[in-house]
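Visitor: My questions all concern the structure below.
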Amino acid sequence: MRIGIIGGSGFYNIEGYDILDRRHIRVTPWGEPSADYIIAGRDGFEFVFLARHGSKHDIPPHRIPYRANMWGFRLLEVDRIFAVSAVGAINPDFEVGDVVVPDQLLDMTRTRGQITFYEGKFTPDGEFEHPGKGKDRVYYALREKKVVHVDVTYPFDPQGRKVAYEVLSEGGLKVIPKGTYAAMEGPRLETAAEIEALRRLGADLVGMTAVPEAFLARELEMCYTLITVVTNMAAGISTTKLTTEEVLRVSSSRKQRIIDLIYEMVKRLPEDLPPECSEALKGVMM
Ligand code: HPA
Numbered sequence: 002m003r004i005g006i007i008g009g010s011g012f013y014n015i016e017g018y019d020i021l022d023r024r025h026i027r028v029t030p031w032g033e034p035s036a037d038y039i040i041a042g043r044d045g046f047e048f049v050f051l052a053r054h055g056s057k058h059d060i061p062p063h064r065i066p067y068r069a070n071m072w073g074f075r076l077l078e079v080d081r082i083f084a085v086s087a088v089g090a091i092n093p094d095f096e097v098g099d100v101v102v103p104d105q106l107l108d109m110t111r112t113r114g115q116i117t118f119y120e121g122k123f124t125p126d127g128e129f130e131h132p133g134k135g136k137d138r139v140y141y142a143l144r145e146k147k148v149v150h151v152d153v154t155y156p157f158d159p160q161g162r163k164v165a166y167e168v169l170s171e172g173g174l175k176v177i178p179k180g181t182y183a184a185m186e187g188p189r190l191e192t193a194a195e196i197e198a199l200r201r202l203g204a205d206l207v208g209m210t211a212v213p214e215a216f217l218a219r220e221l222e223m224c225y226t227l228i229t230v231v232t233n234m235a236a237g238i239s240t241t242k243l244t245t246e247e248v249l250r251v252s253s254s255r256k257q258r259i260i261d262l263i264y265e266m267v268k269r270l271p272e273d274l275p276p277e278c279s280e281a282l283k284g285v286m287m
């Protein structure tokens, strides 16, 4: 098992661990990833970190190279990802500063593209072999230009969610163990009517990046856990103007505690990955 961490807004580097290596992946069949991958660790434990919006936050949500980012993790042999993201809260019971580990996703994006690796006959040519696993199912599906309909009934890693909830709560954060995340196109924030519509649809949180990230992870048979930090109450629920200053301030205030606790989370994870993610490509190719 090798762990990847994706840092969202306010989370661009790693502190408290030794920086062991920095990997610049310039070419993938899907372009160049958002930033260098940083290999960090302590006491023999290692993980791979990527700043989703670039190390200087110069990539907006709709321009993130989602496929290249996930492919880079695959090249670095990552099979389990914890992504940390800022969100607005729609559920009035949530508060700014809360950490929520969502269990469901609503895809409300419209023009994002990059929704799949598997484009049938339109799949690009490339070198798809996995450095650790050789010619695995992902290799086969891309090489054979398959059409793939991956099951995402439960889009997140059940083991990762459980461990994240336990460890972050014990670590002194207020953590809510489930919630439905609605992914909006961005980069603008939402109207009050949009938030009210999302609330009626059952959404608890709103953000801009979990789609397509979580679905692409599943397509590569990686197990993906989303850890969200409520940085603001969503439009129309908040009575004040929403600002990125507020988002960055709250997100940064939680990120260090979360990263400090990653080591403890990984120690508690079972070695065997759950089959809903690690065998996601079995039986779903045309
Ligand atoms: N809306 C969308 N994305 C967000 C928000 C929000 O209110 N806060 C942080 N990311």
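Under my numbering, the first residue of the sequence shown is numbered 2, with each subsequent residue one higher.
Ideal Cβ placement from N, Cα and C applies to all residues, glycine included.
Remember, predicted model here, so these are calculated numbers, not experimental data.
If I follow the unbroken alpha helix (DSSP H) through G161, where does it start and stop?
Guide: In the sequence shown, counting from the first residue as 1, residue 161 sits at position 160. Start and end: P159 to E171.
Visitor: What is the DSSP secondary structure of M234, reduced to helix, strand or coil?
Guide: Position 233 of the sequence shown, counting from 1, holds the residue named residue 234. Three-state DSSP puts M234 in a strand.
Visitor: Just list the residues that DSSP pairs R43 with in beta bridges.
Guide: Mapped onto the sequence shown, residue 43 falls at position 42. Answer by DSSP bridge pairing, in chain order: F46.
Visitor: If E214 and A87 are in contact, beta carbons under 8 Å, what's the gap, nearest whole angstrom?
Guide: Counting from one through the sequence shown, the residue named residue 214 turns up at place 213. Counting from one through the sequence shown, the residue named residue 87 turns up at place 86. Wrong, their Cβ atoms sit about 14 Å apart, outside the cutoff.
Visitor: In chain order, what residues have a CB nearer than 6 Å to some heavy atom of the ligand HPA?
Guide: One residue after another in chain order, those with a Cβ under 6 Å from a heavy atom of the ligand HPA are A87, V88, G89, M185, L190, E191, V207, G208, M209, T232, N233, A235, L243 and V248.
Visitor: Cβ atoms of E186 and T112: under 8 Å apart, would you say?
Guide: Within the sequence shown, the letter at position 111 stands for residue 112. Within the sequence shown, the letter at position 185 stands for residue 186. Closer than 8 Å, so yes.
Visitor: Please look up how many angstroms separate the CB atoms of V101 and I6, rounded, as I've assumed it's under 8 Å.
Guide: Walking along the sequence shown from the start, residue 101 turns up at place 100. Walking along the sequence shown from the start, residue 6 turns up at place 5. Not a contact, Cβ separation roughly 18 Å.
Visitor: What's the gap between the Cα of D137 and the Cα of R250?
Guide: Residue mapping note: residue 137 aligns to position 136 of the sequence shown, counting from 1. Residue mapping note: residue 250 aligns to position 249 of the sequence shown, counting from 1. If I take the Cα positions, the gap works out to 42 Å.
Visitor: Between I91, F46 and M2, which lies nearest to A194 when the distance is taken from Cα to Cα?
Guide: Sequence index remark: in the sequence shown, residue 194 carries index 193 (1-based). Of the candidates I91, F46 and M2, the one whose C-alpha sits nearest the C-alpha of A194 is I91.
Visitor: Hey, would you say L274 sits closer than 8 Å to R23, going by beta carbons?
Guide: Within the sequence shown, numbered from 1, the residue matching residue 274 stands at position 273. Within the sequence shown, numbered from 1, the residue matching residue 23 stands at position 22. No, the Cβ-Cβ distance between L274 and R23 is not below 8 Å.
Visitor: When you compare only the Cα positions, how much space is there between V28 and F74?
Guide: Sequence index remark: in the sequence shown, residue 28 carries index 27 (1-based). Sequence index remark: in the sequence shown, residue 74 carries index 73 (1-based). Computed Cα separation, rounded: 13 Å.
Visitor: Quick one: grab the DSSP three-state call for T245.
Guide: The residue labelled residue 245 in the question sits at position 244 within the sequence shown. T245 falls in the helix class under three-state DSSP.
Visitor: From E120 to F216, what distance separates their C-alpha atoms?
Guide: Walking along the sequence shown from the start, residue 120 turns up at place 119. Walking along the sequence shown from the start, residue 216 turns up at place 215. Using only the alpha carbons, I get a separation of about 14 Å.
Visitor: Rank P66, R162, S252 and P93 by C-alpha distance to the C-alpha of F118 and give the top, closest one.
Guide: Indexing the sequence shown from 1 puts residue 118 at position 117. Nearest option by C-alpha distance: P66.
Visitor: Going by CA-CA distance only, name the one from Y225, R255 and T226 that's closest to T232.
Guide: The residue you call residue 232 lines up with position 231 of the sequence shown. The residue with the shortest Cα to Cα distance from T232 is R255.
Visitor: DSSP puts Q105 in a beta bridge; with which residues?
Guide: Against the sequence shown, residue 105 aligns to sequence position 104. DSSP, once it has assigned bridges, lists T181 as partnering Q105.
Visitor: Assign R43 to one of two classes, buried (16 or more other C-beta atoms within 10 Å of its C-beta) or exposed (fewer than that).
Guide: Numbered from 1 along the sequence shown, position 42 holds the residue referred to as residue 43. By the neighbour-count rule (16 or more Cβ atoms within 10 Å), R43 is not buried but exposed.
Visitor: Nearest by alpha-carbon distance to V79: which of E280, Q160, P132 and D152 is it?
Guide: The count along the sequence shown starts at 1 and reaches residue 79 at position 78. Minimum Cα distance to V79 is reached at P132.
Visitor: Following the continuous beta strand (DSSP E) through F129, name the residue where it begins and the one where it ends.
Guide: Reading the sequence shown from its first residue, position 128 is the one you call residue 129. Element bounds for F129: n/a, residue is neither H nor E.
Visitor: Going by DSSP, what residue range makes up the beta strand (DSSP E) through F83?
Guide: Within the sequence shown, numbered from 1, the residue matching residue 83 stands at position 82. That run of the beta strand (DSSP E) goes R81 to A90.
Visitor: Cutting at 6 Å between CB atoms, please list the residues of its own chain near D376, excluding the five before and the five after it.
Guide: The chain is shown only over 2 to 287; residue 376 falls outside these bounds and no answer can be derived.
Visitor: Let me know the secondary structure DSSP gives L206 once reduced to three states.
Guide: Locating residue 206 in the sequence shown gives position 205, where the first residue counts as 1. Reduced to three states, the DSSP call for L206 is strand.
Visitor: How far does the beta strand (DSSP E) with L289 in it reach, from first residue to last?
Guide: Residue 289 cannot be examined here, being either before or after the span of the chain that is shown, 2 to 287.
Visitor: I'd like to check one pair, R64 with W31: are the Cβ atoms closer than 8 Å?
Guide: Position 30 of the sequence shown, counted from the first residue, corresponds to residue 31. Position 63 of the sequence shown, counted from the first residue, corresponds to residue 64. No; because the gap between Cβ atoms is not below 8 Å, this pair is not in contact.
Visitor: According to the neighbour-count rule (16 or more other Cβ atoms, all chains shown, within 10 Å of its Cβ), is Y141 buried or exposed?
Guide: Here residue 141 is taken as the residue at index 140 of the sequence shown, counted from 1. Y141 is exposed by the Cβ-count criterion.
Visitor: Within the continuous beta strand (DSSP E) that includes G8, where are the two ends?
Guide: Within the sequence shown, numbered from 1, the residue matching residue 8 stands at position 7. I4 to G8 is the extent of the beta strand (DSSP E) around G8.
Visitor: Output yes or no for whether 8 Å exceeds the beta carbon distance between P103 and G180.
Guide: As a first step, residue 103 must be located in the sequence shown, where it is residue number 102. As a first step, residue 180 must be located in the sequence shown, where it is residue number 179. The Cβ-Cβ distance between P103 and G180 falls below 8 Å.
Visitor: For D19 and Q160, I'd like the C-alpha separation in whole angstroms.
Guide: The residue you call residue 19 lines up with position 18 of the sequence shown. The residue you call residue 160 lines up with position 159 of the sequence shown. Using only the alpha carbons, I get a separation of about 26 Å.
Visitor: Quick check on DSSP: helix, strand or coil for L217?
Guide: Start at 1 with the first residue of the sequence shown, and residue 217 comes out as number 216. L217 falls in the helix class under three-state DSSP.
Visitor: Based on Cα-Cα distance, which residue from L106, G173, G114 and I196 lies nearest to T154?
Guide: Numbered from its first residue, the sequence shown carries residue 154 at position 153. Nearest of L106, G173, G114 and I196 to T154, Cα basis: L106.
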